[in-house]
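Read in order, the letters of the sequence shown correspond to residues 1 to 101 in UniProt numbering.
Beta carbons are placed, not taken as given, at the ideal position from N, Cα and C, and that holds for glycine.
In this text the structure is predicted, and so the values were computed from the model without any measurement.
See structure below.
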Amino acid sequence: RQLRVLNFSLKTCNQLADLFRSCDLDTTNLLFAKPGLFKMLENNPKAIKNSLITRTAQILACYRKNCASSTSADQLVLPNCMKLLPLYISCLLRTTSFRGV
Numbered sequence: 001r002q003l004r005v006l007n008f009s010l011k012t013c014n015q016l017a018d019l020f021r022s023c024d025l026d027t028t029n030l031l032f033a034k035p036g037l038f039k040m041l042e043n044n045p046k047a048i049k050n051s052l053i054t055r056t057a058q059i060l061a062c063y064r065k066n067c068a069s070s071t072s073a074d075q076l077v078l079p080n081c082m083k084l085l086p087l088y089i090s091c092l093l094r095t096t097s098f099r100g101v
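In structure tokens, the structure reads:
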């Protein structure tokens with residue numbers, strides 16, 4: 001028998017801007033992909049795609065509202081570490097798994 005003890009510590013932040021500044025794009029993309037793939041077994045692909053697009057838009061709108069509200073309304077403002085998130089989500093939705101083929 002083996003007993004494994006993991007000491008795991010995470011940093012916390014008080015500001016939402018710090019959270020967006022320190023996020024990891026690959027991990028965020030994985031958090032979108034895995035639940036979406038598991039939901040594919042139960043729901044139709046179109047509902048899953050709409051859900052992923054809506055969640056992505058909500059994250060970016062939250063950043064816009066809370067962290068970059070001083071910019072003009074016609075400018076698209078993204079956090080530095082998430083500039084490629086819309087591209088990753090678009091590529092994810094074009095994979096065979098999400099096309100429902």
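Simplified DSSP assignment, three categories, for residue i
i, result
"T95", "coil"
"T56", "helix"
"A69", "Checking the sequence shown, residue 69 turns out to be Ser, not Ala. Note: S69 maps to coil in three-state DSSP."
"L19", "helix"
"S9", "coil"
"P79", "coil"
"L84", "coil"
"N43", "coil"
"N14", "coil"
Buried or exposed (CB count within 10 angstroms, at least 16 for buried), residue i
i, result
"L16", "exposed"
"L85", "buried"
"T56", "buried"
Contact check, residue i vs residue j, beta carbons under 7 Å
i, j, result
"Y63", "F20", "yes"
"I48", "G36", "yes"
"C13", "C81", "no"
"Y88", "N29", "yes"
Endpoints, alpha helix (DSSP H) assigned at residue i
i, result
"F38", "L25 to K39"
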